[in-house]
Amino acid sequence: MKTSIVILTHNQLDYTLRCLESVQAHTSDYELIVVDNGSTDGTAELLRQSGFKTELNRRNEGFAKGCNQGLALAEGDNVLFLNNDTVVTAGWLEAMERLLEREPLCGMVGPVSNYVSGPQRVDAPYGPGIDGLEPFAAQRAAGWRGRSWELPRLVGFCLLLRRRLALEMGGFDEGYGLGNYEDDDLCLRLRRDGWRLLVACDSFVHHYGHVTMNALEDQDLSMLLEQGRQVARAKWGEDPVELLYRRSPAVSCSIGIGGEADEAALDATLASIRGLADEILLVHHGREGWERTARLGRERDLKTVRAELGEPAGARAALEEAGREHALWLRAGEELAPEEARRLLARLRRPEEPLAAIEPVRLRVPTAQPGAAGREGMQVPAAQPEAAEGERLAAEAVQPTRLRDAAASRLVLASARPRWDAAAGGYAAPLARPTGGGPAPVLRPGVTFETKCYERDWRELLLTDRLSRAIAQHRFPFAERILYVNNVERPELVLRHARRLVDEGVLTDCVLVDEHSEEALLFFGLTEEDFQGGYRYSIAELVALYRCRTEYLLHYAGDCMLEEPTDWLRPCLERMRLQRSIVAANPVPNGRMDEAAREALLTDGDFHLGYGFSDQCYLVRTLDFRARIYGERHPASERYPAYGGELFEKRVDAWMRVSGFMRLTWRRGSYWHRTLRSSEPELDLSAPALACYRAGAKAMEELDYESASVWLRLAELAVSCERQLGRRLDPDLRWLPRLQLAVCDDRLGRPELAWLSNEAAAVHAPPGQRSIEANREMMAERMSGGGSEQPLLSVLIPSLPERSASLSVLLERLRAQAHGRPVELLALTDNRLRTTGAKRNALLELAQGKFVAFVDDDDRIADGYAERLLAAIRSEPDADCIVFDVRVHADGSPSRLCRYGIELDHGSDAEGYTRKPNHLMAYRRELALRHRYLDIGYGEDDEWAARASADIVVQHRIEAVLYEYDWAPKPLSWYGAARSPS
141 MKTSIVILTH NQLDYTLRCL ESVQAHTSDY ELIVVDNGST DGTAELLRQS GFKTELNRRN
201 EGFAKGCNQG LALAEGDNVL FLNNDTVVTA GWLEAMERLL EREPLCGMVG PVSNYVSGPQ
261 RVDAPYGPGI DGLEPFAAQR AAGWRGRSWE LPRLVGFCLL LRRRLALEMG GFDEGYGLGN
321 YEDDDLCLRL RRDGWRLLVA CDSFVHHYGH VTMNALEDQD LSMLLEQGRQ VARAKWGEDP
381 VELLYRRSPA VSCSIGIGGE ADEAALDATL ASIRGLADEI LLVHHGREGW ERTARLGRER
441 DLKTVRAELG EPAGARAALE EAGREHALWL RAGEELAPEE ARRLLARLRR PEEPLAAIEP
501 VRLRVPTAQP GAAGREGMQV PAAQPEAAEG ERLAAEAVQP TRLRDAAASR LVLASARPRW
561 DAAAGGYAAP LARPTGGGPA PVLRPGVTFE TKCYERDWRE LLLTDRLSRA IAQHRFPFAE
621 RILYVNNVER PELVLRHARR LVDEGVLTDC VLVDEHSEEA LLFFGLTEED FQGGYRYSIA
681 ELVALYRCRT EYLLHYAGDC MLEEPTDWLR PCLERMRLQR SIVAANPVPN GRMDEAAREA
741 LLTDGDFHLG YGFSDQCYLV RTLDFRARIY GERHPASERY PAYGGELFEK RVDAWMRVSG
801 FMRLTWRRGS YWHRTLRSSE PELDLSAPAL ACYRAGAKAM EELDYESASV WLRLAELAVS
861 CERQLGRRLD PDLRWLPRLQ LAVCDDRLGR PELAWLSNEA AAVHAPPGQR SIEANREMMA
921 ERMSGGGSEQ PLLSVLIPSL PERSASLSVL LERLRAQAHG RPVELLALTD NRLRTTGAKR
981 NALLELAQGK FVAFVDDDDR IADGYAERLL AAIRSEPDAD CIVFDVRVHA DGSPSRLCRY
1041 GIELDHGSDA EGYTRKPNHL MAYRRELALR HRYLDIGYGE DDEWAARASA DIVVQHRIEA
1101 VLYEYDWAPK PLSWYGAARS PS
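Its first residue numbered 141, the sequence shown is counted upward by one per residue in the numbering used here.
Given below as structure tokens:
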């Protein structure tokens, strides 16, 4: 008997019968165990007559204990825990069993379903009801046969484990009570011990969902969820959801080949590291056989590196090329034992114990003939490496590794920073590539889809289906689909969302641009200065070009969208393969043929052929584009004098013109490129709470407080519903809608509701949230009869939760100055749900003062800041802007004075800086509102100031330093110093 199936029941007899019937119809070689948790609807009586193994509890013992009771009765090789509100389909169990047997590092397997949280959920258009379930499941099983993906979490409605492992793990933790989070707890324990959690994509199980929990009349599902979460938090020391989705250190495995590669031996090595390595390199360090190694790499879709002669040189090259945190070195033909691979994974997943190096004990295994395993020989322990100064060496006694190779070479798993130099026997700094590059890596056939995201657009790309739709609309089998994350404020958060798309199969990889910018610059022989002002944006495309490992690269801007599904890539590829002078192709931009036709040399059927470069959506031949696009002999294009030709696309344009290369424009398909704005919300039904919150924020920016109230109350309702469904939510969504509601109610003249909303926000807000305290004080002052005078000055502060300490210091100082004066203080804190530009717009819309001035939450104001500004407003009420001096602190250098004025140009000298009036100056509110900030996270202030300062007619100057701007943030103690600006 292969598998014991354990089903829990608590009433819901109709669902139980449906589940049992489907199991009996679609399953073979199994035993059935049913544990009843105190049913009162006849379930227990039916089970007594069923002939199944049963355990009948007098009361509801909870999910964990019931499953453990079933596990104790199980006799199969495997055990499967199945909810009673499921309907299984043909081949469901066999597909899961095949995956469990095929993957030695697999600890637990789950199916896909129609109703489940996370990536296991797939579109299932057979409803309503289950009439179309069987044909749908059969079609899916045929199309996805043998395919799987790894997840950090499997949902507990259907879980398959080896029975021995389930017993070793102690089953489910019964401390979670009736249910919720015990399945997450089991996932955490399995992953901690080095096991992988896999989804069988060809196994589909219909799930009704929460049938038993929803029927518990004396229990609240949301309360049970919260109780389970608190139990998990107490056990694991942090939020279980955050812990589950924390990325494990990645491993780069290099396989050394010293001569003519043995294909069977290589495949044996690859099989032994499946699931362990995130990146696999073939490193050829022999005199002969490079062509064969390169072919084997192409056939297996592996990166291939050609090193100098000798294994030490191969190891150095492998560590230089490794793109992950840890590096593993094996020889072709060596096999890593499954138990040791699992132990290595377990060791990597313990962040509390920093890893320097592990060297497992090796065994000599004499072999009578190549590939045949022989009798175990003498153990040969490898020498222990010494840790570099200041590092901790975490050596560990691990199980011996069986080697088919008779030699006792060393297996090294080492931190890549600093990198372990296997040849030198110690740690060494990463080796730099020579300036100007070197031998080009072998590119495999195919096209890489590449896009990038910034702070302004990552939420739209990663929290909606926009990216998956963009890929699908090309109707093309991309070899790789890679997202480059660039210039975001919280890269770890963005990468976490991006890796979810990797887990779901939308992407094959997600890359932080900053981690590869230095090596890309070295490869092309460049420095940051070569880019001038465009570095932060151009470097992403340069890194993508440098890292591309396919013959062609498709760049697709995150704010592009094809008008409709199209096959434009196929005819363009065919034409580019025939005509080498064509190095780039694109569809028509923004549907306007005249833009593409303007520079066309000729029109040929469905194509325009011309010079120039379209930088938003383009297909390029990788090697040609890597050639000399930044060479000094290429002059800057005169078409872009404002940029000096330094941005990536401008240099490419110049290079193509000088070199005589051409681009192909496909006339039958077009794309739209737009700048993302908060004024264009798209209601994303997959994340309704976030979508409703954004719609409310947009309405507030437009001063439509009634509509904003409706959207924000819908956001509250959606938060409650999504939490009941077990979805992961941004914690800020539990309090930010309430805080914004307080503002809306206040503006609509509903002070009592505003007070209640503000207090409701305080329940879930992080400690020290000054916006809530400021609202309390303001409303208390109004209720006591104060605050009736219209403010002359509104001081506006956009902030972030992690800056609450510095914000508190600033607000305390401002409140002391504003007390008894017509000054309004507005601080807007959200956890990057909106860009800085969007937050500035929201604050401007909310402000009631005659003049508005922004203050950054990590800067300081002079003692007389508010008093001097009010005096200036009263003395010259018709002024458009009030300017003052600012002292700038930059990177610990002596401070310099910055003077602002419409009569001054942007410049600097020995005395300091000169600038046009920026957002820190006090602008008349009507003038400030005339110019909206761009919806971007960086540079929005300078761009706004350039437009707004041009409208200033009357300027009033205060000859004093009222503000200190800190260009390099300092610790909180610096802000607390009593020194005031001079």
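All C-beta atoms in this analysis are idealised placements derived from N, C-alpha and C, irrespective of residue type, glycine included.
As the structure is a prediction and not an experimental result, all values here were calculated from the model.
Query                                                                                                         : Result
Coarse secondary structure for Val445, derived from DSSP in three states                                      : strand
Test item: CB-CB of Ile1098 and Ile1013 under 8 Å                                                             : no
Burial state of Gly283, where buried means 16 or more other Cβ atoms lie within 10 Å                          : exposed
Classification of Met363 by the beta-carbon crowding that lies within 10 angstroms, buried from 16 upward     : exposed
Rounded Cβ spacing between His124 and Ala1050 (contact assumed at less than 8 Å)                              : In this structure the chain extends from 141 to 1122, so residue 124 is not present and cannot be described.
Option in Glu451, Glu428, Leu459 and Glu419 with minimal Cα separation from Arg440                            : Glu419
Rounded separation between Asn218 and Thr409 - CA only                                                        : 28 Å
Opening and closing residue of the beta strand (DSSP E) in which Thr969 lies                                  : Val963 to Thr969
Sheet register partners of Ile397 (DSSP bridge)                                                               : His424
Continuous alpha helix (DSSP H) assignments of at least 4 residues falling wholly in the stretch 179-238      : 183-188 and 203-213
Backbone secondary structure at Asp176 - three-state DSSP                                                     : strand
Candidates Leu196, Ala277, Val256 and Asp886: closest to Pro265 by CA position                                : Ala277
C-beta contact flag for Met248 and Leu301 at 8 Å                                                              : yes
Where the alpha helix (DSSP H) through Met701 begins and ends                                                 : Careful: Met701 lies outside any alpha helix (DSSP H), inside the beta strand (DSSP E) at Cys700 to Leu702.
DSSP-derived helix/strand/coil call for Val628                                                                : coil
Outcome for Ala226 when other beta-carbon atoms lying within 10 angstroms are tallied against a minimum of 16 : Residue 226 is actually Thr in this sequence, not Ala. The residue in question, Thr226, is buried, as its Cβ has 16 or more Cβ neighbours within 10 Å.
Residue nearest to Tyr1078 in terms of C-alpha spacing, selected from Leu233, Glu366, Val628 and Ser257       : Val628
Terminal residues of the alpha helix (DSSP H) in which Phe765 lies                                            : Thr762 to Arg766
Rounded straight-line distance, which links the Cα of Ser168 to that of Leu153                                : 23 Å
For Asn726, the three-state DSSP class (helix, strand or coil)                                                : strand
C-alpha gap between Val760 and Leu693, whole angstroms                                                        : 5 Å
Cα-Cα separation between Gln988 and Pro931, rounded to whole angstroms                                        : 7 Å
Sequence-distant residues of its chain with Cβ nearer than 8 Å to Val625 (five each side left out)            : Lys592, Cys593, Trp598, Pro631, Val634, Leu635, Ala638, Cys650, Val651, Leu652 and Val653
8 Å Cβ shell around Arg198 - same chain, five flanking residues per side excluded                             : Gly178
Own chain, CB closer than 6 Å to Ser394, minus 5 neighbours either side, in chain order                       : Leu421, Val423, Ala458 and Trp469
Ser392 to Ala404 span [Cα, whole Å]                                                                           : 21 Å
Residue from Val963, Arg483, Gly399 and Gly258 with nearest C-alpha to Lys990                                 : Val963
Host beta strand (DSSP E) of Phe589 (start-end)                                                               : Arg584 to Cys593
C-alpha distance - Tyr1105 paired with Phe1024, whole-angstrom precision                                      : 13 Å
Thr156, DSSP secondary structure in three states                                                              : helix
Alpha helix (DSSP H) segment containing Thr433, residue limits                                                : Trp430 to Glu439
Integer Cβ distance of Trp895 from Met918, believed to fall under 8 Å                                         : Not confirmed; about 11 Å, so no contact.
N- and C-terminal bounds of the alpha helix (DSSP H) containing Ile1013                                       : Tyr1005 to Ser1015
Three-way DSSP call (helix, strand, coil) for Gly1079 in this model                                           : coil
Any non-hydrogen atom of the ligand HEM closer than 7 Å to Gln613 Cβ                                          : Although the ligand HEM was asked about, the structure shown includes no ligands whatsoever.
Limits of the unbroken beta strand (DSSP E) element including Thr143                                          : Thr143 to Thr149
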